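These notes are about the structure you will find just below.
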Amino acid sequence: KAGVTQTPRYLIKTRGQQVTLSCSPISGHRSVSWYQQTPGQGLQFLFEYFSETQRNKGNFPGRFSGRQFSNSRSEMNVSTLELGDSALYLCASSFVSGTTEAFFGQGTRLTVV
Amino acid sequence: GIQVEQSPPDLILQEGANSTLRCNFSDSVNNLQWFHQNPWGQLINLFYIPSGTKQNGRLSATTVATERYSLLYISSSQTTDSGVYFCAVESFNSGGSNYKLTFGKGTLLTVNP
Numbered sequence: 019k020a021g022v023t024q025t026p027r028y029l030i031k032t033r034g035q036q037v038t039l040s041c042s043p044i045s046g047h048r049s050v051s052w053y054q055q056t057p058g059q060g061l062q063f064l065f066e067y068f069s070e071t072q073r074n075k076g077n078f079p080g081r082f083s084g085r086q087f088s089n090s091r092s093e094m095n096v097s098t099l100e101l102g103d104s105a106l107y108l109c110a111s112s113f114v115s116g117t118t119e120a121f122f123g124q125g126t127r128l129t130v131v
Numbered sequence: 002g003i004q005v006e007q008s009p010p011d012l013i014l015q016e017g018a019n020s021t022l023r024c025n026f027s028d029s030v031n032n033l034q035w036f037h038q039n040p041w042g043q044l045i046n047l048f049y050i051p052s053g054t055k056q057n058g059r060l061s062a063t064t065v066a067t068e069r070y071s072l073l074y075i076s077s078s079q080t081t082d083s084g085v086y087f088c089a090v091e092s093f094n095s096g097g098s099n100y101k102l103t104f105g106k107g108t109l110l111t112v113n114p
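From first to last, the protein sequence lines are chains A and B. Using my numbering, count along the first sequence one by one with no gaps and you end on 131. Using my numbering, count along the second sequence one by one with no gaps and you end on 114.
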């Protein structure tokens, strides 16, 4: 079956712009999580959604937001981009977070210039 | 929150050698996964192992939940095993799962021919 699909794979944006990243989970999976990976901070949790509800949010500014649709697809948005937002953004899906295995997409590499 | 420590941070091996990677965590967990990050950034699932022992080819893993550690064994290493290996845990809190994976900083494995 198809894996977790993230689009776009690569993105270059200018400071001050906003960006929207998309994640389509594995069919049947209802939990979608987002993570940011940078060389300095490693892999950090952004937020988790289940059945269109955000159940947990990491320690990121309000410029980072997300949502989940009824088909479990998720989007995350970053407004007023800063140079420090340059990172690999990874999306994970699982059937039910907490007791089942998470699978990751290939990631979106965002560069802010 | 839960702390995850991986050791060693870096490991250099000759092809054919065996290795053991360790993951220590500071609290009870209901999910523990080992990942290999490929050169393109995707996290590849190796094991979902909140407790017990599993084997998959040359790789095996053991989690001793009561002592809060997990080990990843790589036997007869190959150059294609090179990359970063991450341990990630999902922990309980008073209300149940906290719905997020907390990652260690990873072990960078280099296998030389």
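For every residue, glycine included, the Cβ atom is placed at its ideal position computed from N, Cα and C. These figures come from a predicted structure and were not determined experimentally.
Let me check one thing: in DSSP terms, what residues is residue i bridge-paired to?
i, result
"F87/B", "F36/B"
"Y28/A", "R127/A"
"V22/A", "Per DSSP, none; premise fails for V22/A."
"Q62/A", "Q54/A"
"Y67/A", "V50/A and Q72/A"
"Q7/B", "C24/B"
Return the CA-CA distance between residue i and residue j, expressed in angstroms with no decimal places.
i, j, result
"W41/B", "F121/A", "16 angstroms"
"E100/A", "N113/B", "39 angstroms"
"E68/B", "N19/B", "24 angstroms"
"S40/A", "G102/A", "20 angstroms"
"S111/A", "E16/B", "34 angstroms"
"N25/B", "K75/A", "24 angstroms"
"S71/B", "D28/B", "13 angstroms"
"M94/A", "G58/A", "22 angstroms"
"N32/B", "S92/B", "7 angstroms"
"T38/A", "P79/A", "16 angstroms"
"S52/B", "Q86/A", "31 angstroms"
"V90/B", "T98/A", "32 angstroms"
"K31/A", "Y107/A", "14 angstroms"
"I45/B", "V22/A", "12 angstroms"
Would residue i and residue j qualify as a contact pair, given that the criterion is a beta-carbon distance under 9 angstroms?
i, j, result
"W35/B", "I13/B", "no"
"S83/A", "Y67/A", "no"
"F87/B", "Q56/B", "no"
"F65/A", "S51/A", "yes"
"T21/B", "L73/B", "yes"
"F113/A", "R48/A", "yes"
"Y53/A", "C109/A", "yes"
"S83/B", "S61/B", "no"
Helix, strand or coil for residue i per DSSP?
i, result
"T80/B", "helix"
"A110/A", "strand"
"D28/B", "coil"
"E68/B", "helix"
"L101/A", "helix"
"T13/B", "Checking the displayed sequence, the identity of residue 13/B turns out to be Ile instead of Thr. In the structure shown, I13/B sits in a strand (DSSP, three-state: E or B)."
"T108/B", "strand"
"G53/B", "strand"
"W41/B", "coil"
"I75/B", "strand"
"Q33/A", "Residue identity differs from the one stated: residue 33/A is Arg in this sequence, not Gln. Correct three-state label for R33/A: coil."
"R59/B", "coil"
"F87/A", "coil"
"L39/A", "strand"
"R73/A", "strand"
"F122/A", "strand"
"L102/B", "coil"
Pop quiz: residue i and residue j are said to be a contact at Cβ under 8 angstroms. What is the actual Cβ separation, rounded to whole angstroms?
i, j, result
"P9/B", "T108/B", "6 angstroms"
"Q24/A", "T126/A", "5 angstroms"
"Q55/A", "A105/A", "6 angstroms"
"Q7/B", "G105/B", "4 angstroms"
"V96/A", "R81/A", "6 angstroms"
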